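Asker: The structure follows.
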Amino acid sequence: MIETQGFGSSTPSQKTISPLTFSRQEPQGTELQIEILYCGLCHSDVELLANNWSTTKYPCIPGHEAVGRVTALGPDVTQYKPGDIVGIGTLMDSCLSCSACGEGFENLCEGPNGAMMLHGGFLTPGDAEAAKVNTFGAWSGSVVVKERFVIRIPEGTGELERVAPVFCAGTDTWGPLRRLQLDGRSRLGIIGLGGPGHLALQMAKKMGTGHIVVFTTHPEEKREAALCFGADEVVDSNDPAAMKGLHRSLNYILSTVPVPFDPTPYLRTLRRRGTMTVMALLGPYKNLFNNFELAVAGLNLRGSMIGSIQETRESLAFCLEHGILPEVEVIEAEAGAINNAIKRLKVADVRFRIHQGGIVEL
Ligand SMILES: [Zn+2]
Ligand SMILES: [Zn+2]
């Protein structure tokens, strides 16, 4: 067993995180042991600590967007060697035999236990034994993951602390944007300019999107940055007149906010047969909305949750090729500093990383 130091909560009632020591199994089969160099603090880490999805296992060690160095190999590893620099995202395993896995969507695994998350275990536990599997996330000294679920970071890649969030915020927004097949005639709205939003904006711009509107509830703070990252328009989503001004004018919307919101004002900005993809929200909308809002214009409303391994690989390649890396704030791997970052993330006092509160240097 590998004795590992991490940060997290021992019980659901623990209000702040503390240092924890736990054990991981030595790498077996195709598993790699990876020493974590940097790991992001994402909104979903906070949700997990608070057991907001009722799936949290304790002790809970968050962390699911990390960059690390391979330190040890299971006997069947073929793709990696010690010293390789790699990235790991939310997805750490899946059944690999269901039709979703067969089509390359391990994140949508339909196996009995669903996809396995780096910072928790099985997402949809099918039985009591699976529900006990606690994978312990990457706010820790090292993780052990099968090579199939690890992404190689090209040698010589700098600013690894800025690469880490690509494995969550980057891949989560990459898939939904790619599926829209954006081009110069596309008019796209992006809701939110936090971690995922500011990456989505830059990716959409590089994909050749004709016109991009950023919707934000903090226009005075976000306008300049949004324009700098490539937005054509910044709209205050709390301003009914501004929202009305966009009536039936957009082809697509990508929502990147993890908190409950009212979809109706946004749906009304979509043209007929337009599509709104809602990622990051893993709970109810703020209110029940009337299906008439969809029906009247033949609209599509989609959900999206993390990305497949192939999508993660593609999003990293695209971000590195186009120099799209998140703005980050590096904090020390120390309980006080992490608790402070969590507190700031909760009140959205983080310029771009509202969803990615900071990077923990481990
Ligand atoms: Zn995340
Ligand atoms: Zn599967």
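So the sequence shown is residues 1 to 362, counted in full-length UniProt numbering.
In this text, a Cβ means the ideal position worked out from N, Cα and C, and glycines have one as well.
Since the model is a prediction, treat every value here as computed from it, not as a measurement.
1) By a C-beta neighbour count over all protein chains shown, 10 Å radius and 16 as the cutoff for buried, is Leu345 buried or exposed?
2) Closest to Lys222 by CA distance: which of Gly170, Thr209 and Ser237 is it?
3) Counting only the same chain and skipping the five closest in sequence on each side, list residues whose C-beta sits under 6 Å from that of Phe352.
4) Should the stretch 68–83 be regarded as contacting the stretch 32–40, the criterion being three or more beta carbon pairs within less than 8 Å?
5) Terminal residues of the continuous beta strand (DSSP E) containing Ala66?
6) Tell me which same chain residues have a C-beta within less than 6 Å of the C-beta of Phe229, skipping the five on either side of it?
7) Counting C-beta neighbours from all protein chains within 10 Å, is the total for Pro82 16 or more, i.e. buried, or is it exposed?
8) Per DSSP, what kind of secondary structure is Thr275 in: helix, strand or coil?
9) Can you tell me where the beta strand (DSSP E) holding Ile331 begins and where it ends?
10) Using CA atoms only, rank isn't needed, just tell me which of Ala131, Glu26, Gly87 and Leu96 is closest to Ser54.
11) List in chain order the residues whose CB is within less than 5 Å of at least one heavy atom of ligand 1.
12) Just to confirm before moving on: does the CB-CB distance between Met117 and Leu108 stay below 8 Å?
13) What's the gap between the Cα of Pro265 and the Cα of Val257?
14) Considering Cα atoms alone, identify which of Ile212, Cys42 and Lys57 is closest to Pro165.
15) Let's test the definition: count the other Cβ atoms within 10 Å of the Cβ of His119 and tell me whether it reaches 16, buried, or not, exposed.
16) If you measure from the CB of Glu321, is any heavy atom of ligand 2 nearer than 7 Å?
17) Is it the case that the CB of Gly184 approaches a heavy atom of ligand 2 more closely than 7 Å?
18) Taking Arg162 as part of the alpha helix (DSSP H), name the residues at either end of that continuous run.
19) Give me the residue from Ala280, Ile88 and Arg187 with the minimum Cα distance to Gly194.
20) Starting from Lys146, trace the beta strand (DSSP E) in both directions and tell me its first and last residue.
21) Do Tyr285 and Phe318 count as a contact pair if the criterion is CB distance below 8 Å?
22) Who are the Cβ neighbours of Leu246 in its own chain at under 7 Å, not counting the five residues just before and after it?
23) Please return the same chain residues whose Cβ sits closer than 6 Å to the Cβ of Leu180, not counting the five positions on each side in sequence.
24) Answer yes if the stretch 5–18 comes into contact with the stretch 300–308, meaning at least three C-beta pairs across the two stretches below 8 Å, and no otherwise.
25) Please check the pair Leu182 and Ala204, which I expect to be a contact at CB under 8 Å, by giving their CB distance rounded to whole angstroms.
26) In whole angstroms, what is the alpha-carbon distance linking Thr171 and Leu160?
Answerer: On the basis of the coordinates in this document:
1) Within the sequence shown, numbered from 1, the residue matching residue 345 stands at position 345. Classification for Leu345: buried.
2) Mapped onto the sequence shown, residue 222 falls at position 222. The residue with the shortest Cα to Cα distance from Lys222 is Ser237.
3) In the sequence shown, the residue the question calls residue 352 occupies position 352. Model confidence at Phe352 stands at a pLDDT of 43, short of 50, so the residue's coordinates are unreliable; what they give is reported in the following sentence. Apart from sequence neighbours up to five positions away, the residues of its chain that approach Phe352 with a beta-carbon distance below 6 Å are His198 and Glu327, ordered along the chain.
4) Cβ pair count under 8 Å is three or more, so yes.
5) Translated into the one-based positions of the sequence shown, residue 66 becomes position 66. Boundaries of the beta strand (DSSP E) around Ala66: Ala66 to Leu73.
6) Against the sequence shown, residue 229 aligns to sequence position 229. Cβ-Cβ distances below 6 Å link Phe229 to His198, Leu201 and Gln202 in the same chain, with the five nearest sequence neighbours on each side left out; the list follows chain order.
7) Residue 82 sits at position 82 when you count from the first residue of the sequence shown. Its Cβ having fewer than 16 others within 10 Å, Pro82 is exposed.
8) Start at 1 with the first residue of the sequence shown, and residue 275 comes out as number 275. Residue state, collapsed to three classes: strand.
9) Within the sequence shown, the letter at position 331 stands for residue 331. That run of the beta strand (DSSP E) goes Val330 to Glu332.
10) Here residue 54 corresponds to residue number 54 of the sequence shown, with the count starting at 1. It is Ala131 whose Cα lies nearest to the Cα of Ser54.
11) Going along the chain, the residues that qualify are Cys42, Ser44 and Cys168.
12) Your numbering for residue 117 matches position 117 in the sequence shown. Your numbering for residue 108 matches position 108 in the sequence shown. No, the Cβ-Cβ distance between Met117 and Leu108 is not below 8 Å.
13) Here residue 265 corresponds to residue number 265 of the sequence shown, with the count starting at 1. Here residue 257 corresponds to residue number 257 of the sequence shown, with the count starting at 1. Near 15 Å, if we compare the C-alpha coordinates of Val257 and Pro265.
14) Counted from its first residue, the sequence shown places residue 165 at position 165. The shortest C-alpha separation from Pro165 is found at Cys42.
15) Translated into the one-based positions of the sequence shown, residue 119 becomes position 119. With a threshold of 16 other beta carbon atoms within 10 Å, His119 meets it and is buried.
16) Walking along the sequence shown from the start, residue 321 turns up at place 321. Glu321 Cβ: outside cutoff for every heavy atom of ligand 2.
17) Reading the sequence shown from its first residue, position 184 is the one you call residue 184. Incorrect: Gly184 has no Cβ contact closer than 7 Å to ligand 2.
18) Translated into the one-based positions of the sequence shown, residue 162 becomes position 162. Segment Leu160 to Val163, the alpha helix (DSSP H) holding Arg162.
19) Taking the sequence shown and counting its residues from 1, one reaches residue 194 at position 194. If we check each option's Cα against that of Gly194, Ala280 comes out closest.
20) Looking up residue 146 in the sequence shown gives position 146. For Lys146, the enclosing beta strand (DSSP E) stretches over residues Ser142 to Lys146.
21) Against the sequence shown, residue 318 aligns to sequence position 318. Against the sequence shown, residue 285 aligns to sequence position 285. In this structure, Tyr285 does not lie closer than 8 Å to Phe318 by Cβ.
22) Against the sequence shown, residue 246 aligns to sequence position 246. In chain order, Val213, Val235 and Thr269 place their CB closer than 7 Å to the CB of Leu246, counting only its own chain and leaving out the 5 sequence neighbours on each side.
23) Position 180 of the sequence shown, counted from the first residue, corresponds to residue 180. For Leu180, where only same-chain residues beyond five positions count, the Cβ hits under 6 Å are Tyr252.
24) Touching, no.
25) Position 182 of the sequence shown holds residue 182. Position 204 of the sequence shown holds residue 204. Between Ala204 and Leu182 the Cβ distance is about 6 Å, and since that is below 8 Å, they are a contact.
26) Taking the first residue of the sequence shown as position 1, residue 171 is located at position 171. Taking the first residue of the sequence shown as position 1, residue 160 is located at position 160. For Thr171 and Leu160, the distance between alpha carbons rounds to 16 Å.
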